[in-house]
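38 is the number of the first residue of the sequence shown in our numbering; add one for each residue after it. Backbone N, C-alpha and C fix where the C-beta goes; we use that ideal spot for every residue, glycine too. Everything numeric in this text was worked out from a predicted model, so none of it was measured.
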Amino acid sequence: MLSARAASLKPSATLAITAKEKALRAEGLDIVGFGAGEPDFDTPTHIKKAAIDAIMDGFTKYTPVGGIDPLKDAIIEKFKRDNDLDYKREEIVVSCGGKHSLYNLFQAIFQEGDEVIIPVPYWVSYPSMVELAGATPVFVETHEEEDYQLTAEMIRKHLTPKTKGIVLNYPSNPVGSVFFTENLEKIGKLAVEHNIYLISDEIYDKIAYDDYKHTSIASLGQPIKEITIITHAVSKTYAMTGWRIGFAAGPKHVIQAMTNIQSQSTSNPTSISQWAALAALRGPQDFVGTMVQEFVKRRDVFVSGLRSIEGVTCFNPQGAFYVFPGFKNLLGKAYKGRRVHNITEFAGVLLEDFHVAVVPGIEFGKEGYLRLSFATSMENVKKGLERIKKAVKALD
Ligand SMILES: *Cc1c(COP(=O)(O)O)cnc(C)c1O
Numbered sequence: 038m039l040s041a042r043a044a045s046l047k048p049s050a051t052l053a054i055t056a057k058e059k060a061l062r063a064e065g066l067d068i069v070g071f072g073a074g075e076p077d078f079d080t081p082t083h084i085k086k087a088a089i090d091a092i093m094d095g096f097t098k099y100t101p102v103g104g105i106d107p108l109k110d111a112i113i114e115k116f117k118r119d120n121d122l123d124y125k126r127e128e129i130v131v132s133c134g135g136k137h138s139l140y141n142l143f144q145a146i147f148q149e150g151d152e153v154i155i156p157v158p159y160w161v162s163y164p165s166m167v168e169l170a171g172a173t174p175v176f177v178e179t180h181e182e183e184d185y186q187l188t189a190e191m192i193r194k195h196l197t198p199k200t201k202g203i204v205l206n207y208p209s210n211p212v213g214s215v216f217f218t219e220n221l222e223k224i225g226k227l228a229v230e231h232n233i234y235l236i237s238d239e240i241y242d243k244i245a246y247d248d249y250k251h252t253s254i255a256s257l258g259q260p261i262k263e264i265t266i267i268t269h270a271v272s273k274t275y276a277m278t279g280w281r282i283g284f285a286a287g288p289k290h291v292i293q294a295m296t297n298i299q300s301q302s303t304s305n306p307t308s309i310s311q312w313a314a315l316a317a318l319r320g321p322q323d324f325v326g327t328m329v330q331e332f333v334k335r336r337d338v339f340v341s342g343l344r345s346i347e348g349v350t351c352f353n354p355q356g357a358f359y360v361f362p363g364f365k366n367l368l369g370k371a372y373k374g375r376r377v378h379n380i381t382e383f384a385g386v387l388l389e390d391f392h393v394a395v396v397p398g399i400e401f402g403k404e405g406y407l408r409l410s411f412a413t414s415m416e417n418v419k420k421g422l423e424r425i426k427k428a429v430k431a432l433d
């Protein structure tokens with residue numbers, strides 16, 4: 038018999054949809070896929086070369102559990118350069134992807150009886166990871182009409198003596214929303230007052246649009262920094278999802294605990310990937326700018342295309358590579374004589390009859406919305422928009 042822990046665990050919805058998309062394509066169907074949670078760019082050549090060199094130079098053995106010192110130093114430089122934050126080596130741990138950093142972190146700081154505040158819509162894995170640590174997710178709704186802002190007042194309403202942490206993700210997946218600095222300041226103050234950990238997932242800090250300049254909550258004063266753990270990865274910034282390198286920065290005792298958990302599970306992240314990540318962080322950064330320029334063009338076409346469809350709303354993302362259009366006004370209408378009750382049914386219609394693969398917002402805790410990734414070609418964005426328009430027209 039399976040453990041209760043495993044039996045109640047849902048597989049990642051986004052990975053499941055990408056798999057379904059691939060299966061339908063293998064059947065020969067022309068599917069426009071908006072499920073992808075990874076850049077459609079190739080890893081830059083200088084990074085690949087660093088990995089090849091690492092192999093040839095014999096860096097093919099165990100490394101220190103929490104990562105090699107040169108990579109920790111490059112991560113320290115990144116935080117200084119981008120976020121004006123000072124960390125020491127013992128405040129950094131390298132893991133097998135950003136997801137792994139978050140998993141180890143939750144195992145290190147949460148346990149039975151703890152409550153963890155998660156703003157909605159959320160990245161799919163936070164609630165499951167909180168539960169795997171034995172703790173309970175507490176959801177706080179944010180709204181399109183309010184630019185998906187989370188305020189200290191909203192959090193305060195959900196605080197109990199059991200509250201142990203607040204999970205923040207900005208720019209966010211699935212919305213691409215960011216938190217205004219004045220809100221981060223007040224949230225930070227509240228967390229310090231109540232001695233609550235701040236988990237700050239800043240994996241999209243460099244994938245930012247318009248005049249958004251990322252401010253890490255950890256940079257808003259020493260007391261806030263002391264209760265904040267930033268998680269990050271090279272996965273999205275450098276199109277390195279397959280290499281599996283993530284990292285975390287925070288108080289020494291938390292980082293040590295995460296390293297201990299890692300030492301009893303995965304041991305070090307892949308030695309070769311660590312050298313590649315080092316080249317990514319220390320090498321030329323022009324790749325990121327080029328990718329972001331391409332993303333912004335697709336975002337503009339996507340957002341204006343979606344907004345032009347009657348009944349559809351769409352937040353203009355400030356970062357990451359997703360749009361999160363709202364179909365609330367259209368639910369309850371009929372398609373081919375059958376009522377479309379919820380967004381999952383509409384996503385089913387889109388996939389089956391219009392050959393567009395999307396992720397229903399309910400997977401991120403938000404009914405009435407869809408997540409569409411624009412980490413795909415402009416041609417696909419335009420083709421997909423036409424198909425979504427047709428699908429909406431077919432509702433009555
Ligand atoms: C992709 C993603 C991660 C995990 O990234 P990996 O490095 O691939 O594990 C974590 N948080 C958010 C919000 C993401 O979108």
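According to the neighbour-count rule (16 or more other Cβ atoms, all chains shown, within 10 Å of its Cβ), is K430 buried or exposed?
So K430 ends up on the exposed side.
Using 8 angstroms as the threshold, is the C-beta distance between P444 and A357 below it?
Only positions 38 to 433 of the chain appear in this structure, which leaves residue 444 out of reach.
Span of the beta strand (DSSP E) holding L407?
Per DSSP, L407 belongs to the beta strand (DSSP E) from L407 to S410.
Give the secondary structure of L52 by DSSP, where H, G and I count as helix, E and B as strand, and everything else as coil.
Here L52 sits in helix by DSSP.
Starting from D184 and walking both ways along the beta strand (DSSP E), at which residues does that stretch end?
From DSSP, D184 is part of no beta strand (DSSP E); its letter is neither H nor E.
So F332 is in the alpha helix (DSSP H); what residue range does that whole segment cover?
Where F332 is concerned, the enclosing alpha helix (DSSP H) stretches over D323 to R344.
Helix, strand or coil: how does DSSP classify T173 here?
T173 falls in the strand class under three-state DSSP.
Going by DSSP, what residues sit across from E178 in a beta bridge?
DSSP, once it has assigned bridges, lists V157 as partnering E178.
The beta strand (DSSP E) that contains S132, what's its start and end?
I129 to S132 is the extent of the beta strand (DSSP E) around S132.
When DSSP labels each residue in this structure, what does T424 get in the three-state scheme?
It is worth fixing the name first, because residue 424 is Arg in this sequence and not Thr. In the structure shown, R424 sits in a helix (DSSP, three-state: H, G or I).
Can you determine whether any heavy atom of ligand 1 sits closer than 7 angstroms to the C-beta of K243, and answer yes or no?
Not so, every heavy atom of ligand 1 lies at least 7 angstroms from the Cβ.
Note the first and the last residue of the continuous alpha helix (DSSP H) segment covering T218.
Element bounds for T218: T218 to H231.
My parser needs the alpha helix (DSSP H) runs of 4 or more residues fully inside the region 341-416; what are they?
Taking only runs of at least 4 residues, the alpha helix (DSSP H) segments lying wholly in the region 341-416 are 380-391.
Look at the Cβ atom of T268, then the Cβ atom of D238, and state whether they are nearer than 8 angstroms.
Contact: yes.
Is any heavy atom in ligand 1 found nearer than 7 angstroms to the beta carbon of D79?
Incorrect: D79 has no Cβ contact closer than 7 angstroms to ligand 1.
Candidates C351, A41 and G283: which alpha carbon is nearest Q311's?
Out of C351, A41 and G283, G283 has the C-alpha closest to the C-alpha of Q311.
Whose C-alpha, out of F216, F143, P211 and S132, is nearest the C-alpha of K201?
When each option's Cα is compared against that of K201, the closest is F143.
Taking all protein chains shown into account, decide if Q355 is buried (16 or more other Cβ within 10 angstroms of its Cβ) or exposed.
When all chains shown are included, Q355 counts as buried.
Rounded to whole angstroms, what is the Cα-Cα separation between G258 and A189?
Distance between the alpha carbons of G258 and A189 is about 17 angstroms.
Hey, quick one: how far does the alpha helix (DSSP H) through G283 stretch, first residue to last?
Element bounds for G283: not the alpha helix (DSSP H) but the beta strand (DSSP E), G283 to A286.
Can you give me the start and stop residues for the alpha helix (DSSP H) that D90 sits inside?
First-last of the alpha helix (DSSP H) with D90: T82 to M93.
Under the criterion of a Cβ to heavy atom distance below 7 angstroms, does T307 qualify as lining ligand 1?
Not so, every heavy atom of ligand 1 lies at least 7 angstroms from the Cβ.
Count the other CB atoms within 10 Å of the CB of F46; is the residue buried (16 or more) or exposed (fewer)?
The sequence as given places Leu at residue 46; Phe does not occur at that position. L46 comes out exposed.
Do N206 and ligand 1 come close, with the Cβ less than 7 angstroms from some heavy atom?
Within the cutoff, so yes.
Within its chain, find whatever has a CB closer than 7 angstroms to the CB of T296; leave out the 5 residues flanking it on each side and keep chain order.
Once the five neighbours on either side are set aside, the close Cβ partners of T296 are V102, G103 and V130.
What do you reckon, are the CB atoms on G342 and Y406 nearer than 8 angstroms?
No, the Cβ-Cβ distance between G342 and Y406 is not below 8 angstroms.
Using 8 angstroms as the threshold, is the C-beta distance between G70 and T413 below it?
Their beta carbons are under 8 angstroms apart, which means G70 touches T413 by this criterion.
Quick one: measure Cβ to Cβ for I266 and I236, integer angstroms, because I've assumed they're closer than 8 angstroms.
Sure, about 6 angstroms apart at Cβ, within 8 angstroms.
Ignore the nearest five residues each way along the sequence and tell me which others in Y275's own chain have a CB closer than 6 angstroms to its CB.
So the list reads A317, once near-sequence residues are dropped.
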